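Chemist:
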Amino acid sequence: KAGVTQTPRYLIKTRGQQVTLSCSPISGHRSVSWYQQTPGQGLQFLFEYFSETQRNKGNFPGRFSGRQFSNSRSEMNVSTLELGDSALYLCASTPRPGYTGELFFGEGSRLTVL
Amino acid sequence: AQTVTQSQPEMSVQEAETVTLSCTYDTSENNYYLFWYKQPPSRQMILVIRQEAYKQQNATENRFSVNFQKAAKSFSLKISDSQLGDTAMYFCAWGTQGGSEKLVFGKGTKLTVNP
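Protein chains in written order, with the working numbering: chain A, 1 to 114; chain B, 1001 to 1115.
#1: Per DSSP, A:Phe60 forms a beta bridge with which residues?
#2: Taking the continuous beta strand (DSSP E) assigned at A:Gly98, which residues delimit it?
#3: Of all the CB atoms in chain B, is at least one closer than 8 Å to the CB of A:Pro97?
#4: When the distance is taken between beta carbons, is A:Gly101 closer than 8 Å to B:Arg1050?
#5: Could you list which residues in chain B have their beta carbon closer than 9 Å to that of A:Glu118, in chain order?
#6: Confirm, please, whether the CB-CB distance from B:Phe1105 to B:Cys1023 is below 8 Å.
#7: Could you pull the start and end residues of the beta strand (DSSP E) that A:Ile26 belongs to?
#8: Are the C-beta atoms of A:Glu75 and some chain B residue less than 8 Å apart?
#9: Just the C-alpha distance for B:Val1004 and B:Gln1044, rounded to the nearest angstrom, thanks.
#10: Judging by CA-CA distance, which residue of A:Gly40, A:Pro39 and A:Ser74 is the nearest neighbour of A:Ala53?
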């Protein structure tokens, strides 16, 4: 069974631009969550989706948004990029919310903002 | 708010020896999970071990075991017979049992296993 797939793996943007990251969960998994990983702040929860509905959102500005499609694939968008948005963005999936609490992570999308 | 603290930013151990990584957490909830995740240099985070707070017995997975002290809010990971492939970042994490996928992570411990 294929794992969580994130695209693109690496990307470079400049300040003020916007970016869209994609996540395909494990087949059969319907819950998707996103995390931002930086050396200074560590791993921070961005948001989670189930059945195309955002169930929970972390403490990030409105420039960070996301959505989930009917096939459970998810995208997150960051508008008006800032230098501090440079990070590894990790997506994780589970069959359903609260499934043993275990998350299955993708390899991440490395965003560099210049 | 829940917090997770890992007081050891970096550790090293010789191959075949035992190492213990520390983690403390703070929560007012009674039902929750605790996890240790491993992130090798290739970056994909994988679950090492999971503990349900209502279980008194410490979880064990092959060479990995935990020492869960609920009253002290302590959750340490012991790696026995360390192998070179154990070299990675290790993250302690807390999650509620209420159905949310939100995990609260510690800052991580970089473990290096030396030959």
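Glycine included, C-beta positions come from ideal geometry on N, C-alpha and C. None of these values were measured; they are calculated from a predicted model.
Modeler: This is what the structure holds:
#1: Paired residue(s): none; A:Phe60 is not in a bridge.
#2: That residue, A:Gly98, is in no beta strand (DSSP E); it is neither H nor E in DSSP.
#3: At least one beta carbon of chain B lies nearer than 8 Å to the beta carbon of A:Pro97.
#4: Cβ distance < 8 Å, so B:Arg1050 and A:Gly101 count as in contact.
#5: Residue 118 of chain A lies beyond the stretch modelled for chain A, which goes from 1 to 114, so this question has no answer here.
#6: Going by C-beta atoms, B:Cys1023 is not nearer than 8 Å to B:Phe1105.
#7: From DSSP, A:Ile26 is part of no beta strand (DSSP E); its letter is neither H nor E.
#8: Contacts with chain B at 8 Å (Cβ-Cβ) do not include A:Glu75.
#9: Approximately 21 Å between the Cα atoms of the pair.
#10: Note that residue 53 of chain A is Thr in the sequence shown, not Ala. Closest in alpha carbon position to A:Thr53, among A:Gly40, A:Pro39 and A:Ser74, is A:Ser74.
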